[in-house]
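Report on one structure; see the data block that follows.
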Amino acid sequence: MRFSNFRLSAALMLALAIGLGVLAQTKSGGGRGFDPSRMDTATSACTDFYQFSNGNWLKTTEIPAAFASWGSFNILNENNRKTLLTILEESSRNKAAKKGSNEQKIGDFYATCIDESRREAEGGKPLQPELERIEKIKNVKDLQAQIAHMHRMGIPALFGFGALADLKNSSQVIGFAGQGGLSLPTNEYYTNTDDKSKLLREQFVQHMTRMFELLGDKPEQAAASAATVLAVQTRLAQNSRNPVQLRDFSKQYNKMGMKQLGELTPGFSWADYFAALGLARDMEINVAHPEFFQ
Numbered sequence: 001m002r003f004s005n006f007r008l009s010a011a012l013m014l015a016l017a018i019g020l021g022v023l024a025q026t027k028s029g030g031g032r033g034f035d036p037s038r039m040d041t042a043t044s045a046c047t048d049f050y051q052f053s054n055g056n057w058l059k060t061t062e063i064p065a066a067f068a069s070w071g072s073f074n075i076l077n078e079n080n081r082k083t084l085l086t087i088l089e090e091s092s093r094n095k096a097a098k099k100g101s102n103e104q105k106i107g108d109f110y111a112t113c114i115d116e117s118r119r120e121a122e123g124g125k126p127l128q129p130e131l132e133r134i135e136k137i138k139n140v141k142d143l144q145a146q147i148a149h150m151h152r153m154g155i156p157a158l159f160g161f162g163a164l165a166d167l168k169n170s171s172q173v174i175g176f177a178g179q180g181g182l183s184l185p186t187n188e189y190y191t192n193t194d195d196k197s198k199l200l201r202e203q204f205v206q207h208m209t210r211m212f213e214l215l216g217d218k219p220e221q222a223a224a225s226a227a228t229v230l231a232v233q234t235r236l237a238q239n240s241r242n243p244v245q246l247r248d249f250s251k252q253y254n255k256m257g258m259k260q261l262g263e264l265t266p267g268f269s270w271a272d273y274f275a276a277l278g279l280a281r282d283m284e285i286n287v288a289h290p291e292f293f294q
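Using the numbering used here, the first residue of the sequence shown is number 1, and each one after it goes up by one.
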């Protein structure tokens, strides 16, 4: 599918309607929001506006083999990706970057990511401190502390938590808690009973078994751990909303204070969880999917 000026123009019109106040204070760069050469002006706009606005683009454009569709936003995205890659590569080569500067941090991060030989040599060793923390979990309190620790690292263990604009008051940012903890794309991958879904779950267990083996577990132990992963995630999936249900944002607004949170999850201390994240122990958050936490 090839998209060009029509789709981009619609987006630009929306942006214009939203941002008139800002645009009124900005000097024009003299450019256009679309490329007129992509239009088929020989076609009447009243007869076929799509052909009129995209005709030459459709005639001359070939969708790159790596893409299912191609349009103005794809071009923008690819150009942006190439620009970011250039910044990363140049930063990683700049050994004179000031220590502690963003350029030094970006360069070191990228260099670490592409250092395959070191990654292969170290294997799972860098993960050992985190695995040891998990091994030390003895009770619910320890589990809560580990969840908070992983959330601080950006890992949505068991559920998701973050800061977003209040859905009914965009001037306020509040905490959001919602379903999470699944490795597969949606809950249906765990709950569907068709043969394809069953096969995918079997392959998932095989993959997880291999991951545990790479970390040093014996085959029997790795297989048992992988089965446990599937069992835990299946339980989470059973209380999760499917993609269609997630589209209804009106049902994802459920602000709760500490009393309501305690009633929702009597076995989980939100006060301790917030404290572990460095937040106030007494706060109001939005629980997007209450049934997930019950």
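We treat Cβ as the ideally placed atom computed from N, Cα and C, and that holds for glycine.
Between Ile106 and Ser117 a beta carbon distance of about 21 Å is seen, past the 8 Å cut, so the two are scored as non-contacting.
With fewer than 16 other Cβ atoms from the protein chains shown falling within 10 Å of its own Cβ, Ser37 counts as exposed.
DSSP places Phe161 in the uninterrupted beta strand (DSSP E) bounded by Phe159 to Asp166. The stretch 227-242 makes contact with the stretch 168-187: 3 or more CB pairs, one atom from each, lie closer than 8 Å.
Under the 8 Å Cβ criterion, the stretch 268-278 counts as touching the stretch 143-157, having at least three qualifying pairs.
In the three-state reduction of the DSSP assignment, Asn169 falls in the strand class. Around Ala45, the same chain offers Phe52 as residues with beta carbons nearer than 7 Å, after the five sequence neighbours per side are excluded. Counted as a single uninterrupted DSSP element, the beta strand (DSSP E) harbouring Asn286 occupies residues Ile285 to Val287. If you look at Gln238, you'll find it in the alpha helix (DSSP H) that goes Pro219 to Gln238.
The C-alpha of Ala276 is placed about 29 Å away from the C-alpha of Ala226. Its chain contains Ser197 and Leu200 as the residues whose beta carbon lies nearer than 7 Å to that of Tyr189, once the 5 sequence neighbours on both sides are disregarded; these appear in chain order. If you ignore the 5 residues before and after Leu167, its C-beta comes within less than 8 Å of the C-beta of Phe249, Gln252, Tyr253 and Asn286, all in its own chain and listed in chain order. For the 8 Å CB-CB criterion, Asp282 and Met258 form a contact.
The shortest C-alpha to C-alpha distance from Asp40 to any of Phe34, Phe49, Thr47 and Gly55 is the one to Gly55. In the structure shown, Ile134 falls within a helical segment according to DSSP collapsed to helix, strand and coil.
The beta-carbon distance between Ala97 and Glu103, rounded to whole angstroms, is 4 Å. This is short enough to meet the 8 Å contact definition.
Here the C-alpha atom of Thr83 lies approximately 20 Å from the C-alpha atom of Ser101.
For the pair Ala42 and Trp70, the Cα-to-Cα distance works out to about 24 Å.
By alpha-carbon distance to Leu230, the top candidate from Arg247, Phe268, Arg241 and Asn187 is Asn187.
The count of Cβ pairs closer than 8 Å, one atom from the stretch 151-165 and one from the stretch 132-141, stays below three, leaving the stretches out of contact. Cβ contact annotation for Gly178 (same chain, cutoff 6 Å, sequence separation greater than five): Gly160, Ala288 and His289, in chain order. In the three-state scheme derived from DSSP, where H, G and I count as helix and E and B as strand, Ile147 is classed as helix. Annotation: the continuous alpha helix (DSSP H) that includes Glu78 extends over Ser72 to Arg93. Taking 8 Å as the upper bound for CB-CB distance, Gly278 and Leu215 are not in contact here, some 30 Å apart. Short of 8 Å from the beta carbon of His151, and not among the five residues preceding or following it, lie these beta carbons of its own chain, in chain order: Ala157, Phe161 and Leu277.
In the three-state scheme derived from DSSP, where H, G and I count as helix and E and B as strand, Lys255 is classed as strand.
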